[in-house]
Structures are given as structure tokens and as C-alpha cells.
Amino acid sequence: MSGQQIIGFEGVGRSFVHRDRELVATRDITVSIHEGEIVTIVGPSGCGKTTMLNLVAGLMAPSRGTVTYRGERVAALNGRTGYMTQSDHLLPWRDVASNIAVPLEIRGVPKAERQRRVEALMDLVGLAHFETSYPAALSGGMRKRTALARLLAYDPETLLLDEPFAALDAQLRLRMQTELVRLSRRLNKTVLFVTHDLDEAVALGDRCLVFSPRPGTIVRDVTIPLPRDRDMVALRQDPEYRRLCGELWEQVAPALDATASEFPEPLPS
Amino acid sequence: MKLFLGRALLIVAVLVVWDVSARTVTDEFFISRPELVAVKFLELVTSGRLFYHGWITVLETVAGFLTGAAAGILVGLLLGRNEGLARLVDPLLTAVNSLPKVALAPLFIMWFGIDLGMKIILTATIVFFLVFANTYNGVRSVDVQLLEILRLMGARERDLIAKVIVPSALQWVFAGLQLSVPYALIGAVIGEIMAANRGLGFLLQDAAGQLDTGGVFAALFAIVLLALLLQAVVRGTERWLTPWKVDGERREAAA
Ligand SMILES: Nc1ncnc2c1ncn2[C@@H]1O[C@H](COP(=O)(O)OP(=O)(O)OP(=O)(O)O)[C@@H](O)[C@H]1O
Ligand SMILES: [Mg+2]
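If you're matching them up, the sequences are chains L and D in order.
Number 269 marks the last residue of the first sequence (my numbering); no jumps.
Number 524 marks the last residue of the second sequence (my numbering); no jumps.
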């Protein structure tokens, strides 16, 4: 089903210094992700999901262990990944159309070709007629869609998506999920997809990584035995899908029980 | 509309107080009267002196403003992107900047004579430091994550400068430019007061020399008009170059 390993985590931990104290965000992450896989990531807030994507993109280095990409250590920015961040990072001084065009401009795509592709992408994410709006005048969901279109415009081999559909309404989310699965299957993309929605994690993923509360580590690596090409609409009626969702809920519950330990004992003064 | 009415009333009130006090508690000799100032001003207009001298000052101010601003933006960009270089020249720049720039005027007169060039250089020096400081801060405050996300897309330094740093620093640059307008006029007018036979500063000095208070006020009025005009031009350019801000402002305040 899936190809060779593309992303490898080997005993990876990452800490931050916060007010002179070391804060361990994630620890002991060992996981292997294969080419063409869609891997969803769930876990409580602050457990290091975004940190994991940052490590793959090479935006930060691990404090412990190694992160590899196609067998090589990720030492600098990993240009083969495309990253749609949690806070979209659109350029406020560019309207929707020219935000989507940024990666094409960087790559030197000629203007006519650029316009054609931007138009197609805006249709895809349902933003036609908003090409001349600036990000400040968009809704949260529209900003996310613009960021997604920009990501698709530059067509990286691995997609890092941090809660990309969180701000979308149900219909639009279904449509975007369908497009994402269709596109990544057709182009054999590898996808890391962070979400807080367990049903979405099952619907999209070949695998789902369940994180524990901070210091976060992978407590479950759930294989989702649904076909690679899925019909997102039909899926909602599928008893197998329903069963898998229920199972995931049960597996996440013990992880949530541990939430209590997220609040450490007060330090003796 | 209400605001407009209020402002008009305020101006009328100031004029009335001025007029009454000139006739009673103070002396017309020292503060003139609105009516006399208006007459003087009209005289300046009809004789063409206003335009002749005004044009000289405009020339000096605009030329000094443009060269100073261009240099300030360039150096601000350069140092903003080169921390090592910025640290190297920091003491020097701070030292020169701590000087009141008009104190350089006598030196500039010695170096460049009393012609237009000297006023342009004085103005440019003043504007340079204001625009430089703002541009530098603008470049330093660029969102680092935004740069990294673009680098991930394969952006090179020149892409980053064109697509992120310049547009993001632009509003800082314009803040510096807005601030510079009155100072640019200080440079030009002080230069003219100290050594010149033309320009609004000369007009001012000339009227004062003849103890013509009305003429002094008329010249001051002309300088204010010029400042407002330049201010409006800067603001118009800002609106034109940063259309996203206008869009953002029009959006109603919300989280
Ligand atoms: N650049 C940083 N500097 C300091 N601390 C950081 C940084 N990035 C993350 N952290 C800390 O690391 C922990 C994990 O953060 P991370 O953003 O990975 O969480 P997350 O799982 O994505 O949470 P959420 O679901 O809320 O987005 C948090 O406690 C956060 O405060
Ligand atoms: Mg996150």
C-alpha cells in the first residue's frame, strides 16, 4: 500500500526554555512515515503537534534524537515540504489572488500561466469573486482556504497541514476533505494532518497518531483499514467507519484521563 | 459635518479673540490683526512674491525630502538586514543623530555656500535620520515566521525583500515620512532665515526686519499652508502604495 519511509523520527524530544525553566513540549517520539501516506495527528492542546510539523519542515531542530527526511537528517529548512500553519501566515499586503500566486512568482512561472493556475485554485477552494479582497477583510475560513490554495499552488511532495479545516462550515469542509484526499492520492503526496476532530482523523487518515498530554508523545499509532480512495460522503453511512470512530474515541479517552497530570504540583518555594 | 462646523467655529473664535485683544489688552504692533494679516497675505499673492518665494522653499523642501527619504530607506533596509553592520555603525549613527541637526547649518554654509544646495542638504540630513530610524525599526519588526514560510517555498533574499520586508516596512516608512514633513520645513526655513535672499524664510526675516508684524504672520501662514500641502501629498501617496491598510481600516473594528 505505502512506499518507502519518507519521514523518520528517532527518539525525538523538544524542549523550550520558559522563564528560566525547561518546558518539555514533546519527548520520545519514534515514528516512521511512508511515502504516499495520509497520517492524521490528534491530541490535547499543547502536546506538541505543531512542534512535530515544525521539526519536519526544519523550522526548528530537535533537542534530542534525530528527524530524517528521505534518509537524511533535517538540518535546515526542508524545501520539499509545504506547510499550512495554524495561523495561516498570509501576506496582509496582498489580495487573495496574489497571495496564492506568491509561490508561483518565486518559482518564476510566467504571468499568464500564473493567472490561469490561480484562477483554477480559487475555484477549487470556493473563493471565486474574492480575488481582490485583502486578508484583513476575509473570514477565518476564507483565510484558511486562501492558505490552502497557496499551498497547493506550489505543489510540494509532502504536505504539513495544521488544523486546516478547523474554521470551515460542514459542507465546505466535506468538499475540501474530498479534494485533499483526491489530490494527494492522485499525486501520491505524503500528508501530515493535525486535527482536533476525531471523525475527521478517521475519515482522512491511513493512520492516526494519538498524542498524550504534554510532555507529548505518541501513545497510539492506529491503522485505519479503510480503502485508499474513499468517498467522503458515502463514508458517513459506512458502519465500518462508524465503528473505527468509536474505537478511536475509546483509545483517546485514556489519554485524556492523564490530562490531570498536565498541571504540575506547585513548586516548593 | 458636525465636526466641520465645530472646527469652523473654533477658528472664528480664535480670530475674534485675536482681533479683540489686539485692540484692547495687547498691541497691534506686536500681534497685528487678522484683517491686516489677510491684507498682507493678499498683497503677497497679487504681487506674485508669495509664489516666487514659496516656490524656492518648495523646491528646497521637496528636493531635500526626497533625497533624505531615499537615503534613509536604503540605509534602513541595508542595516535592517545586516545585524553585524548595524552594530558596527550604531555608535557613529547615534552620535550624529543626537546632534540637533540645525546646529549643522553654519558648517553647511561654510561648505556649500548660501545657495539652494545648502538648504537641500540641511533638509536631507534632518529627514534622513527620521526616515532611517523608522525604516530600520520596520525592517527589524518583520514577522520572522512569515519569512520562514516563504523560505520554505524556495524564496531567496531578494524575494523576501520584495514580497515581505519592503511591504511590511512600508507603513513604518510612511510614519517616518509623515513625521519628517514639518522637520523638512524647519531645515529649509531655518536655512533661509540664516542666509538667503529668497524663500519663505527670507520673507519672514525680511518682514521682521521691517517690524512688519502683519507680514511676519502672512509668511507664517504661507509656511503652514505649505506644510499642510506636503502632509496631504505624503498621505495620498501612502494610501496609493498601501491599499490594504485602507481596506483594513474600513473594516469595522473586531477581534
Ligand atoms: N517557539 C516556541 N517557543 C516556546 N515554547 C513553545 C514554542 N513552540 C511551542 N512551544 C510550547 O510547546 C508546547 C507544545 O506546543 P505546540 O504548538 O506544539 O502544541 P499543539 O499540540 O500544536 O497545541 P494546539 O493543539 O493548541 O495547537 C506548548 O506548551 C508551547 O507553549
Ligand atoms: Mg498547534
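All C-beta atoms, glycine included, are put in the ideal place defined by N, C-alpha and C.
For clarity, every value in this text was computed on a predicted model and none was experimentally measured.
Gly407 (chain D): which of D:Asn351, D:Leu361, D:Ala438 sits nearest, CA to CA? Translated into the one-based positions of the second sequence, residue 407 (chain D) becomes position 138. Among D:Asn351, D:Leu361, D:Ala438, the Cα nearest to that of Gly407 (chain D) belongs to D:Ala438.
Just checking Leu152 (chain L) against ligand 1 - is the residue's beta carbon closer than 7 Å to any of the ligand's heavy atoms? As a first step, residue 152 (chain L) is located in the first sequence; it is residue number 152 there, counting from the start. No; taking the cut-off as 7 Å, the Cβ of Leu152 (chain L) has no heavy atom of ligand 1 nearer than that.
For ligand 2, list every residue whose C-beta falls under 6 Å from any of its heavy atoms, going in chain order. My final list is L:Lys49, L:Thr50, L:Gln86, L:Asp162.
For Pro436 (chain D) and chain L, any beta-carbon pair shorter than 8 Å? Counting from one through the second sequence, the residue named residue 436 (chain D) turns up at place 167. Yes, contact with chain L.
For Val102 (chain L), return the contacting residues in chain D, with the cut-off set at a CB-CB distance below 8 Å. Counting from 1 along the first sequence, the entry for residue 102 (chain L) is found at position 102. Within chain D, the C-beta atoms nearer than 8 Å to that of Val102 (chain L) come from Leu419, Met422, Lys432, in chain order.
Contacts that Ile280 (chain L) makes with chain D (C-beta to C-beta distance below 9 Å): For residue 280 (chain L) there is no data in the structure shown, the boundaries of chain L being 1 and 269.
Nonlocal neighbours in the same chain, by C-beta distance under 8 Å from Ala260 (chain L), ignoring five residues either side: Position 260 of the first sequence holds residue 260 (chain L). Note that Ala260 (chain L) has pLDDT 47, beneath the 50 cutoff, so the model's placement of it is unreliable and the number below is only indicative. Closer than 8 Å at Cβ, skipping near neighbours: no residue.
Would you mind reading off the limits of the alpha helix (DSSP H) that contains Gly407 (chain D)? Counted from its first residue, the second sequence places residue 407 (chain D) at position 138. Gly407 (chain D) -> alpha helix (DSSP H) spans 385-409.
Here's a check: name, in chain order, each residue in its chain whose Cβ is nearer than 6 Å to the Cβ of Leu274 (chain D), leaving out the five neighbours to either side. As a working note, residue 274 (chain D) is residue 5 in the second sequence. Contacts found: none.
Might you give, ordered along the chain, the residues of its own chain that have their beta carbon closer than 6 Å to the beta carbon of Ala101 (chain L), omitting 5 neighbours on each side? Looking up residue 101 (chain L) in the first sequence gives position 101. Here the set comprises Arg114, Val118.
Sequence-distant residues of the same chain with beta carbon closer than 7 Å to Pro103 (chain L), five excluded per side: Taking the first residue of the first sequence as position 1, residue 103 (chain L) is located at position 103. If we look at Pro103 (chain L) and ignore the five residues flanking it on each side, its Cβ neighbours are Arg150, Ala153, Tyr154.
Cβ separation of Tyr452 (chain D) and Leu399 (chain D), assumed to be a contact under 8 Å, to the nearest whole Å: For the purposes of this step, residue 452 (chain D) is taken as residue 183 along the second sequence, with counting starting at 1. For the purposes of this step, residue 399 (chain D) is taken as residue 130 along the second sequence, with counting starting at 1. Indeed, because the Cβ distance is near 6 Å, the residues count as touching under 8 Å.
With H, G and I counted as helix, E and B as strand and the rest as coil, what does DSSP make of Leu271 (chain L)? Missing from the structure shown is residue 271 (chain L); chain L here goes from 1 to 269 and no further.
Separation of Ala136 (chain L) from Ile492 (chain D), as counted between CA atoms: For the purposes of this step, residue 492 (chain D) is taken as the residue at position 223 of the second sequence. For the purposes of this step, residue 136 (chain L) is taken as the residue at position 136 of the first sequence. Between Ile492 (chain D) and Ala136 (chain L), the C-alpha separation is close to 39 Å.
Just grab the DSSP bridge partners of Tyr241 (chain L) for me. Walking along the first sequence from the start, residue 241 (chain L) turns up at place 241. None, per the DSSP bridge assignment.
Residue interval of the beta strand (DSSP E) (run including Thr26 (chain L)): In the first sequence, the residue the question calls residue 26 (chain L) occupies position 26. From DSSP, the beta strand (DSSP E) with Thr26 (chain L) extends over 21-34.
Could you have a look at Thr40 (chain L) and say whether DSSP puts it in helix, strand or coil? On the first sequence, residue 40 (chain L) is found 40 positions in, with the first residue counted as 1. Thr40 (chain L) carries a strand assignment under DSSP once its states are collapsed to helix, strand and coil.
Mapping DSSP to helix, strand and coil, what is Arg228 (chain L)? Working through the first sequence from its first residue, we reach residue 228 (chain L) at position 228. Residue state, collapsed to three classes: coil.
What is the residue span of the beta strand (DSSP E) that Val434 (chain D) lies within? Within the second sequence, the letter at position 165 stands for residue 434 (chain D). Contrary to the premise, residue 434 (chain D) reads as Ile rather than Val in this sequence. Element bounds for Ile434 (chain D): n/a, residue is neither H nor E.
With distances taken Cα to Cα, identify the nearest neighbour of Lys111 (chain L) among L:Ser98, L:Asp123, L:Ile38. By 1-based counting over the first sequence, the position of residue 111 (chain L) is 111. Among L:Ser98, L:Asp123, L:Ile38, the Cα nearest to that of Lys111 (chain L) is on L:Ser98.
Beta-carbon spacing of Met52 (chain L), Ile41 (chain L) below 8 Å: Taking the first residue of the first sequence as 1, we reach residue 52 (chain L) at position 52. Taking the first residue of the first sequence as 1, we reach residue 41 (chain L) at position 41. Contact flag set, yes.
Residues that Tyr69 (chain L) contacts on chain D, provided the C-beta gap is smaller than 7 Å: As a working note, residue 69 (chain L) is residue 69 in the first sequence. Residues of chain D passing the Cβ test: none, with the nearest at roughly 13 Å.
Rounded to whole angstroms, how far is the Cβ of Val291 (chain D) from the Cβ of Ile300 (chain D), which I believe are closer than 8 Å? Residue mapping note: residue 291 (chain D) aligns to position 22 of the second sequence, counting from 1. Residue mapping note: residue 300 (chain D) aligns to position 31 of the second sequence, counting from 1. In the sequence under discussion, the amino acid at residue 291 (chain D) is Ala, which differs from the Val named in the question. Ala291 (chain D) to Ile300 (chain D), Cβ: 5 Å. Contact.
Contact belief for Tyr134 (chain L) with Trp513 (chain D) at Cβ below 8 Å, rounded distance in angstroms: The residue given as residue 134 (chain L) occupies position 134 in the first sequence. The residue given as residue 513 (chain D) occupies position 244 in the second sequence. That pair is a contact at about 4 Å.
Status (buried if at least 16 other CB within 10 Å, exposed otherwise) for Met1 (chain L): Taking the first sequence and counting its residues from 1, the one referred to as residue 1 (chain L) is at position 1. Note on Met1 (chain L): pLDDT 49, under 50, position unreliable in the model; no value is reported.
With Phe471 (chain D) and Thr392 (chain D) assumed to form a contact (beta carbons below 8 Å), what rounded beta-carbon distance in angstroms separates them? Against the second sequence, residue 471 (chain D) aligns to sequence position 202. Against the second sequence, residue 392 (chain D) aligns to sequence position 123. So it is not a contact: roughly 16 Å between Cβ atoms.
In the structure shown, what three-state DSSP assignment does Leu480 (chain D) receive? Against the second sequence, residue 480 (chain D) aligns to sequence position 211. When DSSP states are grouped into helix, strand and coil, Leu480 (chain D) belongs to the coil group.
Using a Cβ-Cβ distance under 8 Å, would His18 (chain L) count as near chain D? The count along the first sequence starts at 1 and reaches residue 18 (chain L) at position 18. No, His18 (chain L) does not count as interfacial toward chain D.
Give the secondary structure of Thr190 (chain L) by DSSP, where H, G and I count as helix, E and B as strand, and everything else as coil. The count along the first sequence starts at 1 and reaches residue 190 (chain L) at position 190. Here Thr190 (chain L) sits in strand by DSSP.
Less than 8 Å between the C-beta atoms of Leu204 (chain L) and Gln177 (chain L), yes or no? Here residue 204 (chain L) refers to the residue found at position 204 of the first sequence. Here residue 177 (chain L) refers to the residue found at position 177 of the first sequence. In this structure, Gln177 (chain L) lies closer than 8 Å to Leu204 (chain L) by Cβ.
For ligand 1, is there any heavy atom lying closer than 7 Å to the beta carbon of Arg214 (chain L)? For the purposes of this step, residue 214 (chain L) is taken as the residue at position 214 of the first sequence. Yes, Cβ of Arg214 (chain L) sits closer than 7 Å to a heavy atom of ligand 1.
Name, please, each residue of chain L whose Cβ falls closer than 9 Å to the Cβ of Thr511 (chain D). Indexing the second sequence from 1 puts residue 511 (chain D) at position 242. Within chain L, the residues whose beta carbon sits less than 9 Å from that of Thr511 (chain D) are Trp93, listed in sequence order.
With Lys432 (chain D) and Leu419 (chain D) assumed to form a contact (beta carbons below 8 Å), what rounded beta-carbon distance in angstroms separates them? To locate residue 432 (chain D), count along the second sequence from 1; it is residue 163. To locate residue 419 (chain D), count along the second sequence from 1; it is residue 150. Confirmed, Cβ separation roughly 7 Å.
What is the C-beta distance between Gly36 (chain L) and Thr195 (chain L), in whole angstroms, given that I count them as a contact (C-beta under 8 Å)? In the first sequence, the residue the question calls residue 36 (chain L) occupies position 36. In the first sequence, the residue the question calls residue 195 (chain L) occupies position 195. 19 Å between Cβ atoms; not a contact.
List the residues of chain D that Thr85 (chain L) touches, going by C-beta distances under 7 Å, in chain order. Locating residue 85 (chain L) in the first sequence gives position 85, where the first residue counts as 1. The answer, in chain order, is Ile418.
Determine which residues share a DSSP beta bridge with Gln5 (chain L) and list them. The sequence position of residue 5 (chain L) within the first sequence is 5, counting from 1. According to DSSP, Gln5 (chain L) bridges with L:His34.
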